[in-house]
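Here's the structure, in structure tokens; my notes come after.
Protein chains: 2
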Amino acid sequence: MTDQIQNMPNRSEIAKIFGEVLQELRRKRGLSQEEFGFECELHRTYISLLERGKRIPSLTTIIQLAIVLKVSPSEIVRQVEARLGWPATNIFD
Amino acid sequence: MTDQIQNMPNRSEIAKIFGEVLQELRRKRGLSQEEFGFECELHRTYISLLERGKRIPSLTTIIQLAIVLKVSPSEIVRQVEARLGWPATNIFD
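Line by line, the protein sequences give chains A and B.
Counting the first sequence from 1 gives a position; the numbering used here is that position plus 9.
Counting the second sequence from 1 gives a position; the numbering used here is that position plus 9.
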């Protein structure tokens with residue numbers, strides 16, 4: 010194992026940041042959690058759990074969310090990594 | 010639900026493309042599945058399942074893999090979406 014992995018943001022930190030990004034993007038589209046869930050074919054409760062950082066999405070879910078948000082999946086991930094302070098100084102040395 | 014979601018690549022297609030991208034990036038780093046798994050703190054068997062498109066990674070796993078591959082998580086996702094033909098013509102109209 011590497012120091013990088015040891016120092017990586019933990020699961021709950023990643024989930025929290027992802028939730029913040031998701032909520033902002035959803036609000037920017039002017040959608041309620043219910044409307045957004047309907048469009049994504051995901052339950053409103055699951056959207057709420059994601060936004061509160063209680064769930065970590067799979068790549069499939071990220072793609073599903075991105076389609077409805079009309080952004081690319083990589084753009085969502087880019088926003089998450091930027092807030093996590095990526096690249097961490099110790100990662101790309 | 011939207012036409013976009015109806016027409017989105019299915020889970021197994023996403024998994025297959027992700028696996029191809031992962032395998033290429035791992036080989037580019039000159040790592041065996043075993044070495045790579047060790048660095049990522051993921052079991053070699055799980056790496057193999059991901060590369061064969063039998064598992065879909067979570068965002069946390071993508072970040073873990075990216076750290077060891079020394080690419081950003083969004084870059085991995087960007088490569089996947091490019092191969093999936095993103096943006097699909099019907100998505101951003």
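The beta-carbon is built from N, C-alpha and C at its ideal position, and this holds for glycine as well.
Inset, instruction - Determine the burial state of T54/A: buried for a count of at least 16 other Cβ atoms within 10 Å of its Cβ, exposed for fewer. - result: Burial call: exposed.
Inset, instruction - Give the residues from the stretch 52 to 77 of chain A that approach chain B closer than 7 Å (Cβ to any Cβ), ordered along the chain. - result: Of all residues in the stretch 52 to 77 of chain A, I65, P66, S67, L68, T69, I71, I72, Q73, I76 and V77 have a Cβ within less than 7 Å of some Cβ in chain B.
Inset, instruction - Quick one: give me the first and last residue of the alpha helix (DSSP H) that S41/A is part of. - result: Per DSSP, S41/A belongs to no alpha helix (DSSP H) and is neither H nor E.
Inset, instruction - Helix, strand or coil for S21/B, going by three-state DSSP, please let me know. - result: Helix at S21/B.
Inset, instruction - Report yes if the CB atom of L78/A is closer than 8 Å to the CB atom of R38/A, and no otherwise. - result: Cβ distance < 8 Å, so L78/A and R38/A count as in contact.
Legend entry - Bridge partner(s) assigned by DSSP for S67/B: S67/B is bridged to S67/A.
Inset, instruction - Pick helix, strand or coil for R61/A, following the three-state DSSP scheme. - result: In the three-state reduction of the DSSP assignment, R61/A falls in the coil class.
Legend entry - Rounded separation between S21/A and Q42/A - CA only: S21/A and Q42/A: Cα-Cα distance of roughly 21 Å.
Legend entry - Cβ-based neighbour list, F27/A, same chain, cut-off 6 Å, excluding 5 preceding and 5 following: Within the same chain, F27/A has close Cβ partners V89.
Legend entry - Straight-line Cα distance separating I14/B from L58/A: So the alpha carbons of these two residues sit roughly 21 Å apart.
Inset, instruction - Could you spell out the range, first to last residue, of the alpha helix (DSSP H) harbouring E90/A? - result: First-last of the alpha helix (DSSP H) with E90/A: P82 to R92.
Inset, instruction - Verify the CB distance criterion: does Q32/A have a CB-CB separation below 8 Å to chain B? - result: No, its Cβ sits nowhere closer than 8 Å to a Cβ of chain B.
Inset, instruction - Give a yes or no on whether 8 Å exceeds the smallest Cβ distance from R36/B to chain A. - result: Cβ-Cβ to chain A under 8 Å: no for R36/B.
Legend entry - Exposed unless 16 or more other CB atoms sit within 10 angstroms - verdict on E50/A: E50/A comes out exposed.
Inset, instruction - Determine the chain E residues that contact E90/A at a beta-carbon separation under 9 Å, and present them in chain order. - result: The question asks about chain E, but that chain is absent: this structure's protein chains are A and B.
Inset, instruction - Give me the Cα-Cα distance between P18/A and S67/A, rounded to the nearest whole angstrom. - result: Their backbone Cα atoms lie some 17 Å apart in a straight line.
Legend entry - Distance between I56/A and G62/B (C-alpha atoms, nearest Å): Using only the alpha carbons, I get a separation of about 26 Å.
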